[in-house]
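Just so we're aligned: 25 in the working numbering is position 26 of the sequence shown, and the numbers increase by one with no gaps anywhere.
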Amino acid sequence: MYCNVIFALLLLLASAVPPAAADGGFPGRRVLVVHSYDRGFAWTADIDDALQRELLPRQVQIRTFFMDTNLRPREADIIAAGRKATDIMLEFRPDVVIVSDDNAQKYFAAQYAGNASAPSFVFCGVNKAPSTYGYPAINVTGVVENLAWAKGLELLRRLKPSIKKIAVLRDTRPSSQAEADKMKSSGPDDIEVSWFAVDSFEQWRARVRAASSDYDALAVMTYTNLTDTEGRIVPGEQVMLWTRDNAALPTLGFYDYTVADGTLCGVIQTGVEHGTLAASLALRILGGERAGDIPVITQTRGLIMLNSLTARKLGIEIPHRLSQEAAALVE
Numbered sequence: 000m001y002c003n004v005i006f007a008l009l010l011l012l013a014s015a016v017p018p019a020a021a022d023g024g025f026p027g028r029r030v031l032v033v034h035s036y037d038r039g040f041a042w043t044a045d046i047d048d049a050l051q052r053e054l055l056p057r058q059v060q061i062r063t064f065f066m067d068t069n070l071r072p073r074e075a076d077i078i079a080a081g082r083k084a085t086d087i088m089l090e091f092r093p094d095v096v097i098v099s100d101d102n103a104q105k106y107f108a109a110q111y112a113g114n115a116s117a118p119s120f121v122f123c124g125v126n127k128a129p130s131t132y133g134y135p136a137i138n139v140t141g142v143v144e145n146l147a148w149a150k151g152l153e154l155l156r157r158l159k160p161s162i163k164k165i166a167v168l169r170d171t172r173p174s175s176q177a178e179a180d181k182m183k184s185s186g187p188d189d190i191e192v193s194w195f196a197v198d199s200f201e202q203w204r205a206r207v208r209a210a211s212s213d214y215d216a217l218a219v220m221t222y223t224n225l226t227d228t229e230g231r232i233v234p235g236e237q238v239m240l241w242t243r244d245n246a247a248l249p250t251l252g253f254y255d256y257t258v259a260d261g262t263l264c265g266v267i268q269t270g271v272e273h274g275t276l277a278a279s280l281a282l283r284i285l286g287g288e289r290a291g292d293i294p295v296i297t298q299t300r301g302l303i304m305l306n307s308l309t310a311r312k313l314g315i316e317i318p319h320r321l322s323q324e325a326a327a328l329v330e
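If you want it as structure tokens, here you go:
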């Protein structure tokens with residue numbers, strides 16, 4: 000099902016993202032890709048696939064490193080992964096480094112911002128303000144991740160107009176906290192919002208059960224850092240499967256994989272779009288533009304995605320006009 004959703008998004012993005020450079024390739028040019036998370040995380044896999052899809056046909060040599068910081072979240076392990084990224088960069092000597100999500104910025108890329116002798120850097124999937132990492136700089140540009148909070152609430156109300164109280168649930172990763180802080184400054188004044196951050200799957204289940212009786216809707220942010228009773232990371236798909244089956248109220252997601260796995264709806268961020276845009280910026284740099292002269296992309300498309308299976312479970316009818324507006328419909 001998720002693959003079908005990504006295919007639909009690819010068709011839309013193919014017509015939405017302009018060509019990044021003139022026809023022809025860049026034989027002999029090198030791009031290093033450093034991901035904060037592991038290949039098994041759908042968001043990271045979608046970014047990586049998009050980068051490969053855009054860069055390989057241009058004869059770009061790519062080397063990829065996954066820091067796996069969601070699998071090994073101890074500070075010492077993350078620092079070690081950042082040092083490994085530096086070692087790979089010094090050995091590979093890339094023309095451009097593409098860096099996804101916040102941990103790879105903090106523990107690797109940020110130290111090279113503004114360094115004229117360092118490679119050019121392109122970031123994507125960044126939740127914190129770029130200035131946190133010294134971006135933009137003479138050698139840095141990229142794509143900021145801003146969750147569509149206000150638009151998501153508007154979409155949710157088109158499906159359930161009576162919503163007045165909503166709980167927002169997330170894990171405790173720092174990038175999630177940064178995104179929540181941005182979200183708190185926007186949204187309709189007539190909706191009462193409660194914010195919850197939890198560490199464990201047990202706490203998550205308790206909050207979902209409580210929300211089902213105390214609120215009109217539940218917004219699901221991030222959930223891939225939750226641990227079980229033995230301290231092991233619980234797979235995100237397992238978290239969302241349980242949430243889908245046990246949340247007795249409308250649910251709002253912010254990523255394509257979240258809606259695909261069971262939330263009712265979302266105006267979504269996609270790894271496909273972030274990877275495609277990051278690749279286009281990298282190709283512009285390879286084509287001769289200076290990274291610091293390319294404006295940071297702060298607004299992505301924000302695509303409507305609906306889950307008709309969840310709608311039927313909740314007894315919610317999706318209006319025909321809304322289904323026509325959606326970029327993807329999970330059936």
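Think of the CB as a built atom: it goes at the ideal place given N, C-alpha and C, for glycine as much as any other residue. Here the structure is a predicted model, which is why all the values come from computation and not from measurement.
Check                                                                                                                                                                                      : Outcome
According to the neighbour-count rule (16 or more other Cβ atoms, all chains shown, within 10 Å of its Cβ), is serine 279 buried or exposed?                                               : buried
With DSSP as the reference, label alanine 20 as helix, strand or coil.                                                                                                                     : Unreliable placement is indicated for alanine 20, whose pLDDT of 45 sits below 50; no coordinate value is reported for it.
Relative to the C-alpha of glutamate 330, which candidate in Arg320, His319, Ser307 and Glu316 has its C-alpha closest?                                                                    : Ser307
Classify methionine 399 as helix, strand or coil using the three-state DSSP reduction.                                                                                                     : Since the first residue of the chain shown is 0 and the last is 330, residue 399 is not available in this structure.
Determine the contact status of valine 121 and glycine 151, defining contact as a CB-CB distance below 8 Å.                                                                                : no
Is the beta carbon of threonine 68 less than 8 Å from the beta carbon of serine 35?                                                                                                        : yes
Given this structure, state the Cα-to-Cα distance separating asparagine 102 from isoleucine 77, to the nearest angstrom.                                                                   : 8 Å
Are there 16 or more other CB atoms within 10 angstroms of the CB of leucine 89, so buried, or fewer, so exposed?                                                                          : exposed
Is it buried or exposed, alanine 223, if we count other Cβ atoms within 10 angstroms and call 16 or more buried?                                                                           : The residue asked about is misnamed: residue 223 is threonine in this sequence, not alanine. By the 10 Å Cβ count, threonine 223 comes out buried.
Which residues in the same chain have their Cβ closer than 8 Å to the Cβ of leucine 55, if we skip the five residues on either side of it in sequence?                                     : Ile61
Measure the alpha-carbon distance for valine 192 versus alanine 109 and round it to whole angstroms.                                                                                       : 34 Å
Could you name each continuous beta strand (DSSP E) segment of 3 residues or more that falls completely within the stretch 76 to 144, going from the start of the chain to the end?        : 95 to 99, 119 to 125 and 139 to 143
Please give the ranges of any alpha helix (DSSP H) in the stretch 198 to 244, keeping only runs that are unbroken, at least 4 residues long and fully inside the region.                   : 200 to 213
Checking the sheet assignment: what are the DSSP bridge partners for histidine 34?                                                                                                         : Phe65 and Ser99
Select from Ala75, Ser212, Leu282 and Lys127 the residue whose C-alpha is nearest the C-alpha of aspartate 94.                                                                             : Leu282
Could you tell me whether the Cβ atoms of alanine 326 and isoleucine 303 are closer together than 8 Å?                                                                                     : yes
Alpha carbon to alpha carbon, what distance is there between leucine 225 and phenylalanine 200?                                                                                            : 5 Å
Between which two residues does the alpha helix (DSSP H) containing valine 333 stretch?                                                                                                    : Since the first residue shown for the chain is 0 and the last is 330, residue 333 is missing from the structure and cannot be characterised.
Could you name the residues of the same chain whose beta carbon sits closer than 7 Å to that of methionine 0, not counting the 5 residues immediately before and after it, in chain order? : Legend: pLDDT at methionine 0 = 49, less than 50; position of this residue unreliable, value from coordinates given subsequently. So the qualifying residues of the chain are Ala259 and Val329.
Exposed or buried, threonine 228, counting other C-beta atoms within 10 Å across all chains shown (16 or more means buried)?                                                               : exposed
For the beta strand (DSSP E) that contains glycine 27, what are its first and last residues?                                                                                               : Segment: none, glycine 27 is in no beta strand (DSSP E) and carries neither H nor E.
In whole angstroms, what separates the C-alpha of glutamine 237 from that of serine 322?                                                                                                   : 27 Å
Give the range of the beta strand (DSSP E) segment to which glutamate 316 is assigned.                                                                                                     : Neither: glutamate 316 is in no beta strand (DSSP E) and is coded neither H nor E.
Looking only at C-alpha atoms, which of Gly39, Ala136 and Ala149 sits nearest to isoleucine 293?                                                                                           : Ala136
Where does lysine 127 land, buried or exposed, given buried means 16+ other C-beta within 10 angstroms?                                                                                    : buried
Measuring alpha carbon to alpha carbon, tell me which residue in Val30, Asp37, Leu50 and Phe25 is nearest threonine 275.                                                                   : Leu50
Consider the C-beta atom of leucine 54 and the heavy atoms of the ligand ADP; say whether any pair is separated by less than 7 Å.                                                          : Ligands are entirely absent from the displayed structure, and the ligand ADP is therefore not among its contents.
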